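Q:
Numbering (the working numbering), first residue to last: 60 to 922.
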């Protein structure tokens with residue numbers, strides 16, 4: 060139960076003996092009426108009260124008919140102790156039934172909705188903050204006046220658009236339409252209402268994020284009836300025949316979770332990772348989910364944001380079933396995982412440009428993209444670092460850039476998984492300062508964190524313990540009182556909520572004796588004692604805090620229209636595959652150029668290997684003519700074997716890390732709108748260009764010494780056929796490398812799998828060992844076998860002698876009799892044979908790419 064706090068002197072912060080004291084007994088100053096703590100009855104009766112929250116100090120100040128000055132100087136009516144408050148900071152003066160606040164030239168100014176203001180007429184519930192960007196501290200001023208409409212009520216009031224019965228068409232969109240919905244998630248020309256003889260029909264005009272009617276995505280014209288709810292981005296529009304009522308949900312999204320549970324099975328053992336959790340998060344609240352490792356923090360957050368729905372229970376967003384209407388709300392979600400979600404080798408500005416073009420509607424103008432980037436850079440205070448590579452930034456700066464990428468689409472629900480992990484205390488505090496501002500600017504912010512040093516910046520904190528049990532939800536200051544932590548250190552709560560609740564446990568003896576006895580009475584036959592988490596959960600659910608912050612909140616009905624949808628699944632977003640392919644190809648090419656060290660290594664492979672081949676290859680290896688003598692076919696096969704296997708090597712090595720190294724980026728973009736086909740094809744396009752360069756360099760250097768036969772080509776000149784075969788074998792190797800990369804959890808694991816792909820290319824190519832028996836079908840699964848066949852056919856190896864060895868003196872026989880001109884079927888100099896091998900290489904590549912796509916799609920279902 061909360062302990063009543065004594066009134067404080069506004070000048071020296073000394074406690075006062077009486078609420079109506081006229082003089083402070085400590086400093087002796089006269090106390091004006093607004094300076095004492097406001098009784099709760101005054102708030103209920105309609106009086107104006109300012110709740111002041113400074114680091115370590117909270118108080119209520121009555122606002123009357125006289126102006127009130129506030130600042131750090133001792134002669135202010137309201138004295139603030141924080142050093143970042145100016146001596147003369149602001150003035151609050153009456154206006155009608157309410158008040159307004161005016162900045163009087165302070166250094167750090169006043170913040171409302173995350174933005175600096177000079178003055179504002181206050182509404183009930185408004186929160187004004189004085190922030191210090193250098194330290195990450197805030198002073199919060201919360202205005203309460205029951206005589207005025209609440210800020211939430213003002214935001215929830217609909218805007219009515221009359222529907223002219225003579226107007227044949229009404230357009231809805233971001234710019235230049237009859238009904239303007241100003242939000243980055245809305246396409247320029249998003250939807251249209253057409254008046255027909257049968258009534259009003261709604262059409263989606265090919266928007267990126269879609270139009271929804273009663274939770275169903277519009278894929279064909281829909282006839283509207285009175286009361287239908289249209290959802291476009293963060294907006295709800297209710298069709299009332301004569302008008303369209305617009306409800307702007309930006310900054311007004313509330314989350315209600317009821318009885319969330321989740322069970323996983325590992326090695327045949329079931330384990331509860333989320334245990335009957337209920338809570339309610341109001342719009343614009345900043346909530347931290349705190350607890351030890353394995354207590355279900357991330358599981359709860361993913362259940363709340365819909366990316367890993369709970370198996371039991373329900374999540375409502377403004378009263379709508381969130382899971383059933385997930386597609387309609389997906390555009391307003393922002394999610395920052397633990398890993399960076401941007402490519403580190405790119406500069407900040409360019410990385411955000413690619414992210415903006417992927418996430419914003421296709422019709423977003425270049426000027427709009429630049430304006431959005433400027434806005435988010437200012438929001439996360441990264442504008443001075445726009446030209447720096449992301450890898451050159453500190454951990455906190457990289458995290459802020461990831462947050463900026465999510466802010467591009469202006470999400471109203473924002474979830475972050477361990478955003479302060481690995482940061483030093485100063486950077487952690489600044490990160491929490493940034494998130495506090497984001498919540499104030501109109502977003503419901505939920506983060507998972509282990510750190511507790513700065514959770515006082517949050518409106519509420521959720522403590523998780525044991526196997527997914529919520530043992531507390533409420534204001535951070537109340538958490539200290541609830542767990543009876545006298546030190547004021549939130550980290551001490553950890554030691555109280557983890558462990559087994561034995562009868563002689565100190566926490567049981569001091570805090571949980573009644574709960575332990577009640578548990579024993581309920582489970583008299585239990586062989587094992589309960590956990591401390593279970594007892595704290597019991598204590599919390601029986602406390603007034605649970606009634607106030609969970610039960611009472613869940614019992615209230617959210618304002619605005621509700622969507623009743625029976626849809627279990629929705630079609631994917633309409634995103635142009637061609638546009639994504641072009642954009643992803645440009646970005647991947649940019650990434651290749653930015654990672655100069657890796658690109659140099661890949662490009663140097665071809666000339667180095669080619670020079671080594673020059674040292675051992677004979678100039679007449681493919682012609683069989685030297686000093687009028689015919690050379691063995693074995694020499695030619697060795698050279699072609701090396702060319703084939705090196706080409707496969709190029710393809711596999713080039714691609715083996717390219718998907719797995721950007722898993723975090725891929726997963727996040729996939730959750731937004733990324734399509735697998737364009738993603739894979741962008742890899743294929745850029746890597747194919749690399750393969751072409753490598754093949755030209757390899758073949759060009761080798762041919763400086765080795766002579767090609769003059770007239771042996773089947774369909775084309777032998778040089779072109781050889782080049783095409785090597786390119787196809789490298790491309791098949793590249794596809795195999797992409798499949799390996801897609802299936803690997805880490806780049807190191809992908810590289811460790813490469814030998815398993817390369818060794819069969821050597822064993823089953825048909826040169827070192829004779830392919831027979833079981834080895835024959837296995838050879839069909841290798842790229843080098845088909846490449847060797849195609850190269851041998853193009854260069855007509857069957858025309859060369861097939862002598863197994865040199866003579867005893869090591870010299871080459873001076874001639875070959877017909878008995879030695881044996882024909883090998885693998886090298887048939889025939890168009891059908893050659894084209895068949897080329898098709899086999901192409902088919903191999905297609906199959907490997909299909910496997911990569913299947914693996915990536917399968918990961919969509921993995922949590």
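Ideal Cβ positions, reconstructed from N, Cα and C, are used throughout, including at glycine.
It should be emphasised that the depicted structure is a prediction, and the values quoted were computed from it without experimental measurement.
Who pairs with residue 204 in a beta bridge, going by DSSP?
A: 107
Q: Can you tell me the Cα-Cα spacing of residue 342 and residue 403, whole angstroms?
A: 33 Å
Q: Does residue 769 get closer than 7 Å to chain C when you measure Cβ to Cβ?
A: Of the protein chains in the structure, only one exists, and it is not chain C.
Q: If contacts are defined as beta-carbon pairs under 8 Å, then residue 292 and residue 390 qualify, I think. What distance do you get, rounded to the angstrom?
A: 5 Å
Q: I need the straight-line Cα distance from residue 465 to residue 443, nearest angstrom please.
A: 19 Å
Q: Excluding the 5 residues preceding and the 5 following residue 100 in the sequence, name in chain order all residues of the same chain whose CB lies nearer than 6 Å to its CB.
A: For residue 100, the pLDDT reaches just 43, beneath the cut-off of 50, and the residue's location in the model is therefore unreliable, although a value from the coordinates is still provided. The answer is none, since no qualifying residue turns up.
Q: If you drop the 5 nearest sequence neighbours on each side, which residues of the same chain put their C-beta closer than 6 Å to that of residue 761?
A: 669, 672
Q: If you draw a straight line from the alpha carbon of residue 719 to that of residue 413, how long is it in whole angstroms?
A: Straight-line Cα distance between these residues: approximately 20 Å.
Q: Is the beta carbon of residue 369 sitting closer than 7 Å to the one on residue 319?
A: yes
Q: Report the rounded CA-to-CA distance for residue 805 versus residue 726, giving the unit in angstroms.
A: 14 Å
Q: In or out: residue 662 buried (at least 16 other Cβ within 10 Å) or exposed?
A: exposed
Q: Tell me, please, whether the segment 529-543 touches the segment 590-602 by the rule of three or more beta-carbon pairs shorter than 8 Å.
A: yes
Q: Which of the three DSSP states is assigned to residue 368 in this structure?
A: coil
Q: Mapping DSSP to helix, strand and coil, what is residue 306?
A: strand
Q: Under a three-way DSSP split, which group does residue 228 fall into?
A: strand
Q: Given a cut-off of 7 Å, decide if residue 482 and residue 463 are closer than it, judged by their beta-carbon atoms.
A: no
Q: Who are the Cβ neighbours of residue 300 in its own chain at under 6 Å, not counting the five residues just before and after it?
A: 285
Q: Could you check whether the segment 500-507 touches the segment 579-587, counting it as contact only if at least three pairs of C-beta atoms, one from each stretch, sit closer than 8 Å?
A: no
Q: Around the Cβ of residue 45, are there at least 16 other Cβ atoms within 10 angstroms (buried) or fewer (exposed)?
A: What the structure shows of the chain is the stretch from 60 to 922, and residue 45 is not part of that stretch, so it cannot be assessed.
Q: Please list the terminal residues of the continuous beta strand (DSSP E) segment that includes residue 657.
A: Boundaries for residue 657: no beta strand (DSSP E) harbours it, while the alpha helix (DSSP H) harbouring it runs 655-675, taken from the DSSP string.
Q: Just reading off the alpha helix (DSSP H) that residue 843 is part of, what are its end residues?
A: 842-853
Q: Whose CA, out of 729, 773, 451, 362, lies closest to the CA of residue 854?
A: 773
Q: In three-state DSSP terms, what is residue 503?
A: strand
Q: Are the CB atoms of residue 260 and residue 282 within a distance shorter than 7 Å?
A: yes
Q: On the DSSP letters alone, give me the boundaries of the beta strand (DSSP E) that residue 550 sits inside.
A: That residue, residue 550, is in no beta strand (DSSP E); its alpha helix (DSSP H) goes 550-556.
Q: Starting from residue 135, trace the beta strand (DSSP E) both ways and give me its first and last residue.
A: From DSSP, residue 135 is part of no beta strand (DSSP E); its letter is neither H nor E.
Q: What three-state label does DSSP hand residue 569 in the structure shown?
A: helix
Q: Please state whether DSSP places residue 647 in a helix, a strand or coil.
A: helix
Q: Can you look up residue 383 in the DSSP assignment and give me helix, strand or coil?
A: Of the three classes helix, strand and coil, the one that applies to residue 383 here is coil, per DSSP.
Q: Please tell me whether residue 374 and residue 385 are closer than 7 Å, where the distance is taken between their beta carbons.
A: Between residue 374 and residue 385, the CB-CB gap reaches or exceeds 7 Å.
Q: Give me the DSSP bridge partner(s) of residue 758.
A: Residue 758 pairs with nothing; no bridge assigned.
Q: Excluding five sequence neighbours on each side, which residues of the same chain lie with their C-beta closer than 7 Å to the C-beta of residue 360?
A: 348, 474, 476, 505, 507
Q: Starting from the Cα of residue 712, find the closest Cα among 584, 675, 657, 737 and give me that residue.
A: That would be 657, whose Cα lies nearest to the Cα of residue 712.
Q: Could you check whether residue 634 and residue 732 sit closer than 7 Å to each other, using their CB atoms as the reference points?
A: yes
Q: Considering only residues of the same chain and omitting the five flanking positions on each side of residue 644, which have a CB-CB separation below 7 Å?
A: 741, 744, 745
Q: Going along the chain, which residues of its own chain have a beta-carbon closer than 7 Å to the beta-carbon of residue 692, five neighbours each way excluded?
A: 856, 859, 860, 861
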